[in-house]
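First to last, the protein sequences are chains P and X.
Mind the numbering: the first sequence is residues 53 to 630 in my numbering, read in order.
Mind the numbering: the second sequence is residues 726 to 1115 in my numbering, read in order.
Since the structure comes first, as structure tokens, the remarks are kept for the end.
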Amino acid sequence: MNKIKINKYLVLLTVIFIVGTFFRFYKLGSIPPGPEWDEASVGYNAFSIAQTGKDEWETRFPLIFQAFGDYKNPLYIYLTAIFIKFFGLNIITIRLTNVLAGSLFILVIYLIGSKIFNKKIGLLAILFLALSPYGFFFSRISGDGIMLSSFLVATGVLMEINYLKSQRFLFFLLSIVFLMLSMFSYNLGRIVSPILLSIFFLINILNSQKLNKKLFLIPLLIILLAFYLIFKQSSLSLSSRMQYVGIFGANKGLALEIDEFRGHDKNNLKSRLLHNKLTFTGITLLGNYLSHFSTDFLLNYKDHGNVSESHTPLLFMILLPFYYTGILFGFKELFKKSPKEKRSQIFILLFVLLIAPLPSTITEGAPSSKRSLAMHGFIELFTAFGLVTTFSLLKHKLKSNKLIVFIIGVLFAINVGTFLYFFYWIYPKQYGYMYAVRENKICEVIKAKYQQYDQFIFSRRIDGVPYIFPLFCLQFPPEKYWQTRQSRFVDGWHYIDAFDKFQFVDVVDEKIFDKLAPNNKIALFTNEEEKKTILPLLIEKKLISPDQQLIMTKSLINNPKLPLYLFTFKYEKKIYID
Amino acid sequence: MLIGIVINFLIKFVIFNSVPNSVSSEEIKNMQLLGLKTSLYSLSFRWLPKLLTILIILLSSLLTYVKTRKILLSIITLIILSFSPWLFILGQTLNLHLFLLTIIVLLLISLCHKKYWIFIISFIFILFKQWLDLKLPNLQQIIDTWPLVVRLLDFKTLFFTGDSASQYLKIPKTGYFLFFDLIPLFVGIYVLLKNQNNRSLGKIISGLFIIGLCFLFISQSSSLNIYRGIIIFYSVSLVIAVGYEYLLHNTSYLLKALIALIFVLNVFFTYELFYYHFDKKNSFEWGYAETNAINQLNQKQIKCINITQESGKLKQYVDFFNNDVNFKTNMISNSKLDDICYAKNNCYCLLREQELGLIGLQKEDIETIFSHYEGLPIYFLIPKNETHVY
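Structure representation (structure tokens):
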């Protein structure tokens, strides 16, 4: 009987894992479309590492990748480099690390759930996780190693739980390693992991019978080494990100708001006492933090700055009440007279859930589903726990328990079905334009006509970082790129003005004629505004004929929001003598 | 109860009597609807919402006592509702929704022992149908309204930011409730679910919440969220009161003192923001520039002014306060500005900034400017300059 039960759970686990993995991999190369900017940058840097051992800025095996000047974390790029080495550079290989992390996440959460609660809760949790729009979406984009980082945090937690169960030191060591790795994967790891590590240390010391030296020394050495590497190489990354996304800083909304309120009171003492960083930041941080547990955020009805993340709720509506009850029962379990080890484990789960929103809390535009991805998996665990506990409590009170379970099941299926339909059919059409659609069209043209033209020109009006797309789609040899590159470094950002046949200008206007070499065949890409400026000049200089004009003023893309025009001509420079 | 009445009168009629310091165009519409007439120099029409608010607070206090026989809960309800930002701000402005809430609370007091009170209260929506522009929604409207419900019940909206769509009806940097109310809310929910003694009050609160949701769905999407959620906010306030009562009843003296201290500090912080910053943040919506302009034009003994379509809001104020206005207004078109504004007569032009350029003037050239309360110029009185050169 016992054997049959084990097999049943194993079968269900396998089925859920396969379903979850299938949906994460299905049409990976085309939904969402791409690559988008960060994906292209990650991809090319990984390609460059795979080819030469250096990144696009010629640094050998860097601990932080400068990329556009946004300092990307290294782990995702190195793992992607391995896939690129074997399978080449394409959109699937650059998304592969995250999608694998997202799939393996299912197993990790099952193990956590079954160890702390029971197999039933573990299975329910992974069912919700496998079909979670939140995890689904972030597993399929590679911009940063967000899913990877989140997966590593969860694996670190699993190892700590294993340590608490078995008291085998190896598990604690692995926990430290995974949490440390998450710090090199995405910035959320740099906030969540150190806090988790500190609390794990504390719990382990409190739980140990006698003080164990190796419990301190070896982990401490690993942590010191990791922190040394982080502060040496990547302090730039964190500070550069915080400058852009953080709520603190002289020109940020919060500081301006304090100035405004003080201005109302002519900066008197009362105003300085009431309207200062402590009060205003405190209120803002508290509001930001709590919003991560709000219906608005969890169901994703928030007005997103980033449209690409909309319609991907963290939880389906039908599961929301059980998430809340799960947290409530979680707290109740903490104060129950259960074994210390059990309470420690539940405490860890609750603690992860409560600190996971911190990276998002300190940024403007909070709550951000991306920066709070460390909640992923733990939300599902508490939802499953809430669901099972609620039903076990109501078991004797409700006559039609099975009917209610059936109704919830049907509503869950409707939720899932609606989401899948939206994600695979509607999303690519409606939100495809968010994924560098013009840049990828330019790539198509460049790939097909690289030999035909001597110069390809387009501006930063079409794309802020235009150089990365030709590099990505042509799999441009890094050495050749370094030799021909012309770049500037302005306000912390790298600007590439030219490499090989490509020239990138701030705007396409009459000044571009200075950049053209006589008798060169030119391919010039413009947006709508630039077309209006450049077309009369091209006609005036007789570079294109009226017949050509008709063809060239037809947008390459059917989307009226993102028109893209291609003007091709041979530049014959005439010398006028006054 | 008496102390509660005195405190409420002090707060509403003395300390915060002059905030907001002007009349909003929505209040003008409501006064016209109610057939009220007021002077440019008096805000006495706001006595009505203030009295209604005090009535709601007192009745609610009575209701919690009747349902639970707990004096402490009754006192806390009185205090919580007196300082709840959503009810306070509604009491500071003339609006029709307060009448609805007053009737609901009155019905609750008289019918709370009957099982059918929910239906009776729901029935009054029909009575208010015309006034509040209520309408049975179709499926699409329900689907469209759902995100609003979710957004309205967001912790950040409720306790920290309030609703961005109705900024002018909120205390700056404050939600519908004080931010410290969040903890008693959780405690209140727990107590209502767990504690048998509060069952009957819990039923009323949950009934009100459901009615509140229905009201939100049947009210017009153009209506402000603070109005649409009024019954929901009322039920949440009662839950918060239950939470405070539990905290004060079941904690040590030290904790009680701490809770009271945090509450007082929170109230002080919030109402300082209201007293000193509300008018400065929202003077555009509250028509400060318009009332101020009419007042000063009267003082200057100007007999006639020309305004354009752009100054339609000023016209609305002039028409409403016609008893106090000593000048007449003419509507002119932008194309005739040059001819009319420099004509040799007693009629002055009052223009907006964008219209100054049409007659070749800069805002620096104008001496008499009527500004918003925080100082942003809005209306420019064109001087009668005989020597003006075209």
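A virtual CB, placed ideally from N, CA and C, is assigned to each residue, including glycine.
All of these numbers come straight from a predicted model, not from anything done at the bench.
Option in P:K322, P:Y341 and P:F223 with minimal Cα separation from I299 of chain P:
P:Y341
Write down every uninterrupted run of the alpha helix (DSSP H) in the segment 997-1075 of chain X whose length is 4 residues or greater and which is fully enclosed by it, in chain order.
1003-1007, 1013-1024, 1037-1045 and 1062-1066
Within chain X, the residues that F345 of chain P reaches when beta carbons sit closer than 8 Å
Simply F880.
Any contact between the segment 876-889 of chain X and the segment 768-784 of chain X? By contact I mean 3 or more CB pairs, one from each, below 8 Å.
no
Mind listing the chain X neighbours of I335 of chain P? Cutoff is C-beta to C-beta under 8 Å, in chain order.
F885, K898 and F904
Can you give me, in chain order, the residues of the segment 384-414 of chain P that have a beta carbon less than 7 Å from any beta carbon in chain X?
Under the 7 Å Cβ criterion, the segment 384-414 of chain P contributes no residue.
Compare the beta carbon distance of L826 of chain X and I955 of chain X with 8 Å and say whether it is the shorter of the two.
yes
When P:L226, P:L463 and P:L240 are compared against L200 of chain P, the one with the closest alpha-carbon:
P:L240
Go ahead and label V359 of chain P buried or exposed: buried means 16 or more other beta carbons lie within 10 angstroms of its beta carbon, across all protein chains shown.
Residue placement at V359 of chain P is flagged as unreliable, the pLDDT there being 47, under the threshold of 50; the coordinate-derived value follows with that caveat. The residue is exposed, with fewer than 16 neighbouring Cβ atoms inside 10 Å.
Measuring straight from C-alpha to C-alpha, what distance separates A575 of chain P and P480 of chain P?
Cα-Cα distance, rounded: 29 Å.
Are at least three pairs of beta-carbons, each pair with one atom in the segment 966-975 of chain X and one in the segment 885-898 of chain X, less than 8 Å apart?
no
For a test of the three-state rule: what should DSSP assign to S931 of chain X, helix, strand or coil?
Taken through DSSP and simplified to helix, strand or coil, S931 of chain X comes out as helix.
On the DSSP letters alone, give me the boundaries of the alpha helix (DSSP H) that W477 of chain P sits inside.
Where W477 of chain P is concerned, there is no enclosing alpha helix (DSSP H), given that its DSSP letter is neither H nor E.
Strictly below 7 Å CB to CB, what residues from chain X border H316 of chain P?
Residues of chain X passing the Cβ test: Y1001, H1002 and K1005.
Euclidean distance between Cα positions of V440 of chain P and I68 of chain P
18 Å
For chain X, find out if any of its Cβ atoms is closer than 8 Å to the Cβ of L225 of chain P; answer yes or no.
Contact with chain X is absent for L225 of chain P, since none of that chain's Cβ atoms lies less than 8 Å from the residue's Cβ.
Contact between the segment 510-520 of chain P and the segment 76-86 of chain P is defined here as three or more beta-carbon pairs at a separation below 8 Å; is this criterion met?
no
Decide if W856 of chain X is buried, meaning its Cβ has at least 16 other Cβ atoms within 10 Å, or exposed.
Counting Cβ neighbours within 10 Å, W856 of chain X comes out exposed, since fewer than 16 surround it.
Express the C-alpha separation of N611 of chain P and N142 of chain P in angstroms, rounding to a whole number.
25 Å
D549 of chain P - DSSP class collapsed to helix/strand/coil
strand
Three-state secondary structure (DSSP) of Y502 of chain P:
coil
Round the Cβ separation of Y375 of chain P and G438 of chain P to the nearest angstrom and send it over; I've been treating them as touching at under 8 Å.
That belief holds up - the Cβ atoms of Y375 of chain P and G438 of chain P are roughly 6 Å apart, short of 8 Å.
Since I believe W811 of chain X is in contact with F902 of chain X (beta carbons under 8 Å), could you give me their beta-carbon distance rounded to a whole number of angstroms?
7 Å
Can at least three beta-carbon pairs, one atom from the segment 202-216 of chain P and one from the segment 133-147 of chain P, be found at a separation below 8 Å?
no
P1102 of chain X, DSSP secondary structure in three states:
strand
Mapping the DSSP letters down to three states, classify F236 of chain P as helix, strand or coil.
In this structure, F236 of chain P counts as coil in the three-state DSSP scheme.
Bounding residues of the beta strand (DSSP E) (the contiguous stretch that carries I116 of chain P):
Segment: none, I116 of chain P is in no beta strand (DSSP E) and carries neither H nor E.
Is the Cβ-Cβ distance between T377 of chain P and T442 of chain P less than 8 Å?
yes
Members of the segment 976-1000 of chain X near chain P, C-beta cut-off 7 Å
Listed by position along the chain: F994 and E997.
Taking 8 Å as the CB-CB limit, is G339 of chain P close to chain X?
Cβ-Cβ to chain X under 8 Å: yes for G339 of chain P.
Where A569 of chain P and L159 of chain P are concerned, what is the direct C-alpha to C-alpha distance, given to the nearest angstrom?
59 Å
Enclosing alpha helix (DSSP H) for S785 of chain X [first to last residue]:
W772 to T793
What in chain X is Cβ-close to L330 of chain P, meaning under 8 Å?
The contacting residues do not exist; L330 of chain P stays about 12 Å from chain X at best.
Any beta-carbon of chain X closer than 8 Å to the one on L326 of chain P?
yes
May I ask you to list the residues that DSSP assigns as paired with G298 of chain P?
Per the DSSP secondary-structure output, G298 of chain P pairs in a beta bridge with P:T415.
So, are the CB atoms of L1062 of chain X and E1089 of chain X less than 8 Å apart?
no
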